[in-house]
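Trainee: This structure is in C-alpha coordinates; I'll ask about it shortly.
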Amino acid sequence: MQLSTYIKDLLYRYECVIIPGFGAFLTQNESARIDTETETFYPPGKSVSFNRQLQTNDGILANYVAAVESCPYEIALQKIRNFTGTLSLQLSEGKTITLKNVGEFSLNSENSVQFVPANKENFSRNSFGLSAFTSPTIDRSAVDISEEKEVVRILESKRKSSVPILKYAAIGLIAITLGGFSGLKIYEGEVEKFNYAEKQKADVLVENQIQEATFVIENPLPALNFTIPKQSGKYHIVAGAFRIENNAHKKIKQLAEKGYSAQLIGVNRYGLHQVVYSSHEDRLDALQTLRTIKRSENKDAWLLVQDLNK
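Numbering of the sequence shown is given in numbering that gives the first Met the number 0, commencing with residue 0 and proceeding in unit increments.
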(Lines of atoms letter the chains of each structure in order from A and count residues from 1; the text may use other names and numbers.)
(Lines give C-alpha, C1' and ligand atoms only; values in the text may rest on other atoms or scores of the structure.)
Protein backbone atom coordinates (compact mmCIF):
# COMPACT_ATOMS: atom_id res chain seq x y z
CA MET A 1 0.00 0.00 0.00
CA GLN A 2 1.47 3.36 -1.06
CA LEU A 3 0.38 5.24 2.05
CA SER A 4 2.82 8.10 1.45
CA THR A 5 1.19 8.73 -1.95
CA TYR A 6 -2.28 8.78 -0.40
CA ILE A 7 -1.15 11.17 2.34
CA LYS A 8 0.44 13.47 -0.24
CA ASP A 9 -2.80 13.54 -2.26
CA LEU A 10 -4.87 14.41 0.81
CA LEU A 11 -2.51 17.18 1.94
CA TYR A 12 -3.50 19.12 -1.17
CA ARG A 13 -7.15 19.06 -0.04
CA TYR A 14 -7.15 19.12 3.77
CA GLU A 15 -5.42 21.02 6.53
CA CYS A 16 -5.30 17.91 8.73
CA VAL A 17 -4.64 14.30 7.66
CA ILE A 18 -4.70 11.78 10.52
CA ILE A 19 -2.98 8.37 10.49
CA PRO A 20 -5.19 6.52 13.02
CA GLY A 21 -3.19 5.37 16.03
CA PHE A 22 0.00 7.19 14.98
CA GLY A 23 -0.44 10.96 14.52
CA ALA A 24 -1.57 13.74 12.21
CA PHE A 25 -0.04 15.88 9.47
CA LEU A 26 -0.99 19.55 9.73
CA THR A 27 -0.61 22.19 7.02
CA GLN A 28 -0.55 25.97 7.31
CA ASN A 29 -0.86 28.44 4.44
CA GLU A 30 2.07 30.73 3.70
CA SER A 31 1.94 33.87 1.56
CA ALA A 32 4.23 34.56 -1.37
CA ARG A 33 7.58 35.98 -0.23
CA ILE A 34 10.78 37.53 -1.54
CA ASP A 35 14.30 36.68 -0.38
CA THR A 36 16.08 40.02 -0.75
CA GLU A 37 19.53 38.49 -0.32
CA THR A 38 19.19 35.98 -3.17
CA GLU A 39 16.64 38.11 -5.11
CA THR A 40 14.37 35.05 -5.32
CA PHE A 41 10.56 35.13 -5.51
CA TYR A 42 8.66 32.23 -3.85
CA PRO A 43 4.97 31.47 -4.66
CA PRO A 44 2.28 30.86 -1.98
CA GLY A 45 2.64 27.50 -0.28
CA LYS A 46 1.88 25.31 2.74
CA SER A 47 4.19 24.33 5.58
CA VAL A 48 3.78 20.75 6.88
CA SER A 49 4.16 19.70 10.52
CA PHE A 50 3.35 16.56 12.53
CA ASN A 51 1.35 16.22 15.76
CA ARG A 52 1.72 12.95 17.65
CA GLN A 53 -1.27 13.71 19.92
CA LEU A 54 -3.94 13.61 17.17
CA GLN A 55 -4.52 9.90 16.63
CA THR A 56 -8.32 9.50 16.64
CA ASN A 57 -9.63 8.17 13.34
CA ASP A 58 -11.66 10.78 11.43
CA GLY A 59 -12.27 8.53 8.42
CA ILE A 60 -10.52 10.68 5.81
CA LEU A 61 -7.47 8.50 5.15
CA ALA A 62 -9.35 5.19 5.48
CA ASN A 63 -12.13 6.32 3.14
CA TYR A 64 -9.58 7.50 0.58
CA VAL A 65 -7.67 4.19 0.72
CA ALA A 66 -10.94 2.27 0.35
CA ALA A 67 -11.92 4.36 -2.68
CA VAL A 68 -8.54 4.13 -4.45
CA GLU A 69 -7.97 0.43 -3.80
CA SER A 70 -11.66 -0.52 -4.26
CA CYS A 71 -11.86 -2.35 -0.95
CA PRO A 72 -14.25 -2.21 2.05
CA TYR A 73 -13.70 0.46 4.68
CA GLU A 74 -12.79 -2.13 7.35
CA ILE A 75 -10.11 -3.66 5.10
CA ALA A 76 -8.63 -0.21 4.41
CA LEU A 77 -8.53 0.48 8.15
CA GLN A 78 -6.74 -2.81 8.77
CA LYS A 79 -4.16 -1.96 6.10
CA ILE A 80 -3.47 1.33 7.87
CA ARG A 81 -3.06 -0.50 11.21
CA ASN A 82 -0.56 -2.88 9.61
CA PHE A 83 1.38 0.07 8.19
CA THR A 84 1.52 1.96 11.50
CA GLY A 85 2.57 -1.23 13.30
CA THR A 86 5.49 -1.72 10.91
CA LEU A 87 6.35 1.98 11.14
CA SER A 88 6.45 1.93 14.96
CA LEU A 89 8.59 -1.23 14.96
CA GLN A 90 11.16 0.24 12.57
CA LEU A 91 11.36 3.45 14.60
CA SER A 92 11.96 1.48 17.79
CA GLU A 93 14.89 -0.22 16.02
CA GLY A 94 16.47 3.20 15.43
CA LYS A 95 15.68 3.42 11.73
CA THR A 96 14.74 6.58 9.85
CA ILE A 97 11.50 6.18 7.90
CA THR A 98 10.97 8.23 4.74
CA LEU A 99 7.54 9.00 3.31
CA LYS A 100 8.27 10.09 -0.26
CA ASN A 101 7.56 13.81 -0.91
CA VAL A 102 6.17 14.14 2.64
CA GLY A 103 9.03 13.86 5.13
CA GLU A 104 11.15 11.68 7.43
CA PHE A 105 10.40 10.10 10.83
CA SER A 106 12.94 9.17 13.48
CA LEU A 107 13.28 8.86 17.27
CA ASN A 108 15.31 11.37 19.28
CA SER A 109 17.33 10.68 22.42
CA GLU A 110 14.14 10.88 24.51
CA ASN A 111 12.40 8.28 22.30
CA SER A 112 9.99 10.89 20.95
CA VAL A 113 8.96 10.84 17.29
CA GLN A 114 10.64 13.56 15.24
CA PHE A 115 9.36 14.68 11.82
CA VAL A 116 11.35 16.59 9.20
CA PRO A 117 9.24 17.78 6.21
CA ALA A 118 10.59 17.10 2.72
CA ASN A 119 9.87 20.66 1.48
CA LYS A 120 9.97 19.39 -2.11
CA GLU A 121 6.22 19.49 -2.65
CA ASN A 122 4.08 22.62 -2.63
CA PHE A 123 0.71 21.48 -1.26
CA SER A 124 -1.03 24.80 -1.92
CA ARG A 125 -3.55 24.65 -4.77
CA ASN A 126 -3.27 28.44 -5.12
CA SER A 127 0.26 28.06 -6.49
CA PHE A 128 -0.36 25.29 -9.02
CA GLY A 129 2.05 25.71 -11.91
CA LEU A 130 4.15 28.36 -10.13
CA SER A 131 7.76 27.89 -9.08
CA ALA A 132 10.43 30.01 -7.43
CA PHE A 133 12.40 32.30 -9.73
CA THR A 134 15.21 34.84 -9.47
CA SER A 135 14.86 38.40 -10.75
CA PRO A 136 17.93 40.69 -10.61
CA THR A 137 17.47 44.26 -9.41
CA ILE A 138 16.45 46.61 -12.25
CA ASP A 139 19.08 49.28 -12.98
CA ARG A 140 17.26 52.61 -13.35
CA SER A 141 19.87 55.06 -14.73
CA ALA A 142 19.33 58.86 -14.73
CA VAL A 143 17.80 60.52 -17.81
CA ASP A 144 19.97 63.07 -19.67
CA ILE A 145 18.60 66.57 -18.89
CA SER A 146 19.72 67.98 -22.24
CA GLU A 147 17.55 65.45 -24.07
CA GLU A 148 14.51 66.48 -22.01
CA LYS A 149 14.98 70.16 -22.86
CA GLU A 150 15.29 69.36 -26.54
CA VAL A 151 12.00 67.42 -26.50
CA VAL A 152 10.24 70.32 -24.79
CA ARG A 153 11.43 72.77 -27.44
CA ILE A 154 10.09 70.60 -30.26
CA LEU A 155 6.69 70.26 -28.62
CA GLU A 156 6.42 74.00 -27.96
CA SER A 157 7.19 74.86 -31.59
CA LYS A 158 4.53 72.46 -32.82
CA ARG A 159 2.05 73.93 -30.38
CA LYS A 160 2.68 77.50 -31.58
CA SER A 161 2.20 76.49 -35.21
CA SER A 162 -1.13 74.86 -34.44
CA VAL A 163 -2.67 77.90 -32.67
CA PRO A 164 -3.95 79.68 -35.88
CA ILE A 165 -5.58 76.47 -37.11
CA LEU A 166 -7.46 76.02 -33.81
CA LYS A 167 -8.56 79.66 -33.92
CA TYR A 168 -10.17 79.30 -37.36
CA ALA A 169 -11.79 75.99 -36.42
CA ALA A 170 -13.41 77.57 -33.34
CA ILE A 171 -14.87 80.43 -35.39
CA GLY A 172 -16.43 77.95 -37.86
CA LEU A 173 -17.94 75.87 -35.05
CA ILE A 174 -19.62 78.90 -33.45
CA ALA A 175 -21.21 79.84 -36.78
CA ILE A 176 -22.62 76.35 -37.30
CA THR A 177 -24.00 76.24 -33.75
CA LEU A 178 -25.83 79.56 -34.05
CA GLY A 179 -27.37 78.51 -37.36
CA GLY A 180 -28.81 75.26 -36.04
CA PHE A 181 -29.92 76.35 -32.56
CA SER A 182 -33.36 77.65 -33.56
CA GLY A 183 -34.16 74.51 -35.56
CA LEU A 184 -33.11 72.31 -32.64
CA LYS A 185 -35.51 74.05 -30.21
CA ILE A 186 -38.46 73.47 -32.58
CA TYR A 187 -37.56 69.77 -32.89
CA GLU A 188 -37.31 69.30 -29.10
CA GLY A 189 -40.78 70.82 -28.63
CA GLU A 190 -42.36 68.35 -31.06
CA VAL A 191 -40.62 65.40 -29.34
CA GLU A 192 -41.95 66.43 -25.92
CA LYS A 193 -45.54 66.63 -27.25
CA PHE A 194 -45.26 63.16 -28.82
CA ASN A 195 -43.78 61.57 -25.66
CA TYR A 196 -46.53 63.02 -23.45
CA ALA A 197 -49.30 61.64 -25.69
CA GLU A 198 -47.71 58.17 -25.77
CA LYS A 199 -47.31 58.15 -21.97
CA GLN A 200 -51.04 58.81 -21.49
CA LYS A 201 -51.90 55.89 -23.81
CA ALA A 202 -49.55 53.57 -21.89
CA ASP A 203 -51.02 54.58 -18.50
CA VAL A 204 -54.56 53.74 -19.66
CA LEU A 205 -53.44 50.36 -21.05
CA VAL A 206 -51.63 49.36 -17.82
CA GLU A 207 -54.65 50.36 -15.68
CA ASN A 208 -56.99 48.18 -17.79
CA GLN A 209 -54.63 45.18 -17.50
CA ILE A 210 -54.41 45.54 -13.72
CA GLN A 211 -58.21 45.57 -13.39
CA GLU A 212 -58.54 42.44 -15.55
CA ALA A 213 -55.89 40.56 -13.52
CA THR A 214 -57.41 41.32 -10.09
CA PHE A 215 -59.24 38.36 -8.51
CA VAL A 216 -60.08 36.98 -5.05
CA ILE A 217 -59.50 33.41 -3.79
CA GLU A 218 -62.73 32.39 -2.07
CA ASN A 219 -61.50 29.09 -0.56
CA PRO A 220 -57.79 29.39 0.23
CA LEU A 221 -55.92 26.16 0.99
CA PRO A 222 -55.12 25.54 4.68
CA ALA A 223 -51.54 26.17 5.81
CA LEU A 224 -49.33 23.09 6.09
CA ASN A 225 -47.56 22.41 9.38
CA PHE A 226 -44.52 20.13 9.50
CA THR A 227 -42.94 18.64 12.60
CA ILE A 228 -39.23 18.01 12.05
CA PRO A 229 -37.44 15.91 14.69
CA LYS A 230 -34.49 17.83 16.14
CA GLN A 231 -31.27 16.16 17.25
CA SER A 232 -30.78 16.75 20.98
CA GLY A 233 -27.69 16.42 23.13
CA LYS A 234 -24.14 17.58 22.54
CA TYR A 235 -22.44 14.21 23.14
CA HIS A 236 -22.53 12.18 19.92
CA ILE A 237 -21.21 8.65 19.37
CA VAL A 238 -19.81 8.72 15.83
CA ALA A 239 -20.21 5.60 13.69
CA GLY A 240 -18.37 6.96 10.67
CA ALA A 241 -17.81 9.86 8.27
CA PHE A 242 -18.50 9.52 4.55
CA ARG A 243 -17.45 11.53 1.51
CA ILE A 244 -20.59 10.49 -0.43
CA GLU A 245 -23.88 11.38 1.27
CA ASN A 246 -25.65 8.33 -0.18
CA ASN A 247 -23.20 6.06 1.64
CA ALA A 248 -23.99 7.87 4.88
CA HIS A 249 -27.72 7.15 4.44
CA LYS A 250 -26.93 3.47 3.77
CA LYS A 251 -25.02 3.35 7.05
CA ILE A 252 -27.96 4.94 8.88
CA LYS A 253 -30.28 2.29 7.46
CA GLN A 254 -27.94 -0.52 8.56
CA LEU A 255 -27.70 0.85 12.10
CA ALA A 256 -31.46 1.41 12.29
CA GLU A 257 -32.01 -2.26 11.45
CA LYS A 258 -29.80 -3.13 14.43
CA GLY A 259 -31.93 -0.98 16.73
CA TYR A 260 -29.79 2.17 16.94
CA SER A 261 -31.34 5.63 16.68
CA ALA A 262 -28.74 6.59 14.07
CA GLN A 263 -28.88 9.99 12.41
CA LEU A 264 -26.90 12.29 10.16
CA ILE A 265 -25.62 15.29 12.15
CA GLY A 266 -24.16 17.27 9.25
CA VAL A 267 -20.88 17.79 7.42
CA ASN A 268 -17.59 18.32 9.26
CA ARG A 269 -14.86 20.76 8.22
CA TYR A 270 -13.30 18.11 5.99
CA GLY A 271 -16.46 17.78 3.88
CA LEU A 272 -17.47 14.38 5.33
CA HIS A 273 -21.05 13.45 6.28
CA GLN A 274 -21.05 12.30 9.93
CA VAL A 275 -23.30 9.44 11.07
CA VAL A 276 -23.89 8.86 14.79
CA TYR A 277 -25.22 5.87 16.70
CA SER A 278 -26.98 8.20 19.15
CA SER A 279 -26.76 11.58 20.87
CA HIS A 280 -26.87 12.20 24.63
CA GLU A 281 -27.43 15.08 27.01
CA ASP A 282 -25.41 13.45 29.79
CA ARG A 283 -21.69 12.85 29.33
CA LEU A 284 -21.50 9.76 31.55
CA ASP A 285 -24.44 8.20 29.74
CA ALA A 286 -22.69 8.83 26.43
CA LEU A 287 -19.41 7.28 27.66
CA GLN A 288 -21.19 4.16 28.92
CA THR A 289 -22.95 3.73 25.58
CA LEU A 290 -19.68 4.30 23.71
CA ARG A 291 -17.96 1.64 25.82
CA THR A 292 -20.70 -0.86 25.00
CA ILE A 293 -20.54 -0.09 21.26
CA LYS A 294 -16.74 -0.44 21.22
CA ARG A 295 -16.98 -3.89 22.83
CA SER A 296 -19.82 -5.31 20.75
CA GLU A 297 -20.19 -3.29 17.54
CA ASN A 298 -17.34 -1.03 16.43
CA LYS A 299 -14.03 -0.49 18.24
CA ASP A 300 -13.35 2.57 16.05
CA ALA A 301 -16.42 4.45 17.29
CA TRP A 302 -15.58 7.69 19.09
CA LEU A 303 -17.22 10.49 21.06
CA LEU A 304 -17.83 13.89 19.47
CA VAL A 305 -18.64 16.81 21.76
CA GLN A 306 -20.47 19.45 19.72
CA ASP A 307 -23.50 21.63 20.36
CA LEU A 308 -25.56 21.36 17.17
CA ASN A 309 -27.73 24.34 18.14
CA LYS A 310 -24.85 26.76 17.64
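Beta carbons: idealized from backbone N, C-alpha and C, even for Gly.
Going by DSSP, what residue range makes up the alpha helix (DSSP H) through Q89?
Mentor: Per DSSP, Q89 belongs to the alpha helix (DSSP H) from Y72 to S91.
Trainee: Would you identify the three-state DSSP class for N50, choosing helix, strand or coil?
Mentor: It is a strand residue.
Trainee: Would you call the CB atoms of S3 and K99 closer than 8 Å?
Mentor: Yes; because the gap between Cβ atoms is below 8 Å, this pair is in contact.
Trainee: If I follow the unbroken alpha helix (DSSP H) through L289, where does it start and stop?
Mentor: Start and end: R282 to S295.
Trainee: Under the rule that 16 or more other beta-carbon atoms within 10 Å means buried, what is S295, buried or exposed?
Mentor: S295 should be labelled exposed.
Trainee: Name the residue from S48, Q305 and K293 whose alpha carbon lies nearest to the alpha carbon of S278.
Mentor: Ranking the options by Cα distance to S278, first place goes to Q305.
Trainee: Report yes or no: do three or more beta-carbon pairs, one from the region 15-26 and one from the region 46-66, lie closer than 8 Å?
Mentor: Yes: the two stretches touch, three or more of their Cβ pairs being nearer than 8 Å.
Trainee: Where G315 and E92 are concerned, what is the direct C-alpha to C-alpha distance, given to the nearest angstrom?
Mentor: A query on residue 315 cannot be resolved here, the shown segment of the chain reaching from 0 to 309 and no further.
Trainee: DSSP three-state call for Q305: helix, strand or coil?
Mentor: The answer is coil: DSSP assigns Q305 none of H, G, I, E or B.
Trainee: Taking the alpha carbon of N56 as the reference point, which residue from R80, L88 and F49 has its own alpha carbon closest?
Mentor: Closest by alpha carbon: R80.
Trainee: Using a Cβ-Cβ cut-off of 6 Å (strictly less than) and excluding sequence neighbours within five positions of V266, which residues of its own chain qualify?
Mentor: Hits under 6 Å: H272.
Trainee: May I ask which residues mark the beginning and end of the alpha helix (DSSP H) holding T55?
Mentor: Note, T55: premise wrong, no alpha helix (DSSP H); not H, not E.
Trainee: Measure the alpha-carbon distance for E68 versus I6 and round it to whole angstroms.
Mentor: If I take the Cα positions, the gap works out to 14 Å.
Trainee: In angstroms, rounded to a whole number, what distance separates the CA positions of Q287 and L263?
Mentor: Using only the alpha carbons, I get a separation of about 21 Å.
Trainee: Just tell me which of T291, Q113 and S87 has its CA closest to the CA of Y276.
Mentor: Per the Cα distances, T291.
Trainee: Which of helix, strand or coil does DSSP assign to T26?
Mentor: In this structure, T26 counts as strand in the three-state DSSP scheme.
Trainee: With DSSP run on the structure shown, which of helix, strand or coil describes S3?
Mentor: Reduced to three states, the DSSP call for S3 is helix.
Trainee: Go to L263, then tell me how far its alpha helix (DSSP H) extends in each direction, as first and last residue.
Mentor: Here L263 belongs to no alpha helix (DSSP H); instead the beta strand (DSSP E) covers Q262 to V266.
Trainee: Exposed or buried, which one is S45 when buried takes at least 16 other CB atoms within 10 Å?
Mentor: Correcting the residue identity first, residue 45 is Lys in this sequence and not Ser. Buried is the call here.
Trainee: Shortest alpha-carbon distance to Y11 belongs to which of A31, Y234 and V47?
Mentor: Comparing Cα positions, the closest option is V47.
Trainee: Roughly how many angstroms lie between the CA atoms of L283 and G232, to the nearest whole one?
Mentor: Taking the straight line joining both Cα atoms gives about 12 Å.
Trainee: At which residues does the alpha helix (DSSP H) containing E244 begin and terminate?
Mentor: Run containing E244: E244 to E256, per the alpha helix (DSSP H) assignment.
Trainee: What's the C-alpha gap between S105 and R51?
Mentor: Spanning the two alpha carbons is a distance of roughly 13 Å.
Trainee: Look at the alpha carbon of Q89 and the alpha carbon of T97, and state the distance between them as a whole number of angstroms.
Mentor: If I take the Cα positions, the gap works out to 11 Å.
Trainee: Give the DSSP-derived three-state secondary structure of L271 in the structure shown.
Mentor: Coil, per DSSP.
Trainee: State the Cα-Cα distance for the pair R242 and G270, rounded to the nearest angstrom.
Mentor: C-alpha separation (whole angstroms): 7 Å.
Trainee: Three-state secondary structure (DSSP) at Y63?
Mentor: The answer is helix: DSSP assigns Y63 an H, G or I state.
Trainee: If we ignore side chains and look at the alpha-carbon of each, how far apart do V112 and L9 end up?
Mentor: If I take the Cα positions, the gap works out to 22 Å.
Trainee: DSSP three-state label for E68, please.
Mentor: Three-state result, E68: helix.
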